[in-house]
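In the numbering used here, the protein residues as written are 1 to 87. Note that CB positions come from ideal geometry on N, CA and C, so glycine has one too. Please read all numbers here as calculations on a predicted model, not as lab measurements.
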Amino acid sequence: MEWIITVFATILLPICFFLYTTIRDRRKDMIINENRFASLESRLTLQEQKLETMVKDINEIEKVLSEITELKISIAKIITILEERNK
1 MEWIITVFAT ILLPICFFLY TTIRDRRKDM IINENRFASL ESRLTLQEQK LETMVKDINE
61 IEKVLSEITE LKISIAKIIT ILEERNK
């Protein structure tokens, strides 16, 4: 009967303690990683929103640029017509 207590004290207790500390540390790491993931996810969402805004702005700039190009062509035509009338 004494040998059972000896085996329990010398072998099983350290194993149980090791398993307990390992599981505890893993849980702490999981919580830390979940917090990091949540932080990264929120930062990614912000960056995606900024990117969408930039894409919209670029599209508007392209529209304005095409309108300016059309205006340049129209002004060039008007100048050409006025020069022909003045001759």
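For this session: Ignoring anything shorter than 4 residues or poking outside the segment 2 to 26, list the alpha helix (DSSP H) runs there in chain order.
Result: 2 to 7
For this session: Would you identify the three-state DSSP class for K28, choosing helix, strand or coil?
Result: Within the sequence shown, the letter at position 28 stands for residue 28. If DSSP states are grouped into helix, strand and coil, K28 belongs with the helices.
For this session: Reducing DSSP to helix, strand and coil, say where K87 ends up.
Result: For the purposes of this step, residue 87 is taken as the residue at position 87 of the sequence shown. In the structure shown, K87 sits in coil (DSSP, three-state: anything other than H, G, I, E or B).
Problem set entry | I73 versus E48: straight-line alpha-carbon distance, rounded | Indexing the sequence shown from 1 puts residue 73 at position 73. Indexing the sequence shown from 1 puts residue 48 at position 48. Cα to Cα, I73 sits roughly 38 Å from E48.
For this session: May I have the straight-line CA-CA distance separating N35 from I68, to the nearest angstrom?
Result: Numbered from 1 along the sequence shown, position 35 holds the residue referred to as residue 35. Numbered from 1 along the sequence shown, position 68 holds the residue referred to as residue 68. If I take the Cα positions, the gap works out to 49 Å.
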